[in-house]
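Student: Take this structure, written in structure tokens, and hold onto it; I'll ask about it next.
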Amino acid sequence: MNQLKYLAAYPAAIQSQVQQLLDNNQLASVILKKYPAAHAIKTDKALYDYVLDIKNDYLRKTEPLSKITFDSKIHVINHALGLHTTISRIQGSKLKSKHEIRIASMFKEVPIEFLKMIVVHELAHLKEKEHDKAFYKLCEYMEPQYHQLEFDLRLYLTQIDRYGKLF
1 MNQLKYLAAY
11 PAAIQSQVQQ
21 LLDNNQLASV
31 ILKKYPAAHA
41 IKTDKALYDY
51 VLDIKNDYLR
61 KTEPLSKITF
71 DSKIHVINHA
81 LGLHTTISRI
91 QGSKLKSKHE
101 IRIASMFKEV
111 PIEFLKMIVV
121 HELAHLKEKE
131 HDKAFYKLCE
141 YMEPQYHQLE
151 FDLRLYLTQI
161 DRYGKLF
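Note that full-length UniProt numbering has the sequence shown beginning at 1, numbered continuously upward.
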């Protein structure tokens, strides 16, 4: 069995099922049946508006975001789908911090559900820094299907890792 790096933490039975779908070249059709089209958010401005809509719906009282962008320097190979960064600067006698969200530019070509899962993940870091129980509870609050979408995104990444672009 080839190593399924995006599914390494899942049970062997699930990995075996995915490997069988890959070997029979059926994983793409499973993904496309559930998620038939890529989203229309292609610009940084559209991404900014999309993220702020979600933030305003669920995290209105958190600190503002200064930058939201697609970033071509983020590589999924390095296990990053997106990044939430806080930049601290001293201005006079005060410490000011700016929050930024960067999403890997490869996610311009995925279903909206996958983009939302990544955005929710990065927004959750505004309140919860660690990947703990509170963090995932917040993710599920913003997107009830968070864990299923994360698994499906891992399937998608496995597919494109093996065969290339899907959309």
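Backbone N, C-alpha and C fix where the C-beta goes; we use that ideal spot for every residue, glycine too.
Give me the DSSP bridge partner(s) of L65.
Tutor: H99
Student: When the distance is taken between beta carbons, is Q15 closer than 7 Å to L22?
Tutor: no
Student: I think I54 touches M142, with their Cβ atoms under 8 Å apart; what is that distance to the nearest whole Å?
Tutor: 7 Å
Student: From the DSSP output, which residues share a beta bridge with I90?
Tutor: Checking the DSSP bridge columns, you'll see I90 partnered with L95.
Student: Using DSSP with H/G/I as helix, E/B as strand and the rest coil, what is F167?
Tutor: coil
Student: Would you report the Cα separation of I77 and T158, rounded to the nearest angstrom?
Tutor: Caution applies to I77, whose pLDDT of 49 falls short of 50 and renders its modelled position unreliable; the value that the coordinates give is listed next. If I take the Cα positions, the gap works out to 11 Å.
Student: What does the alpha-carbon distance come out to for the pair P36 and S29?
Tutor: 9 Å
Student: One question on the structure: do S97 and F70 come within less than 7 Å of each other, judged by their Cβ atoms?
Tutor: Result no, Cβ atoms of S97 and F70 do not sit closer than 7 Å.
Student: Identify the continuous alpha helix (DSSP H) that holds M106 and give its terminal residues.
Tutor: Here M106 belongs to no alpha helix (DSSP H), and DSSP marks it neither H nor E.
Student: With DSSP run on the structure shown, which of helix, strand or coil describes P71?
Tutor: Contrary to the premise, residue 71 reads as Asp rather than Pro in this sequence. The answer is strand: DSSP assigns D71 an E or B state.
Student: Three Cβ pairs or more, each shorter than 8 Å: is that satisfied between the segment 103-118 and the segment 126-138?
Tutor: Using a Cβ-Cβ distance cut-off of 8 Å, the segment 103-118 and the segment 126-138 are not in contact, since fewer than three pairs of beta carbons, one from each stretch, lie closer than that value.
Student: DSSP state of I31, grouped into three classes?
Tutor: helix
Student: Taking only the alpha-carbon atoms, compute the straight-line gap between K61 and E122 and give it to the nearest angstrom.
Tutor: Between K61 and E122, the C-alpha separation is close to 16 Å.
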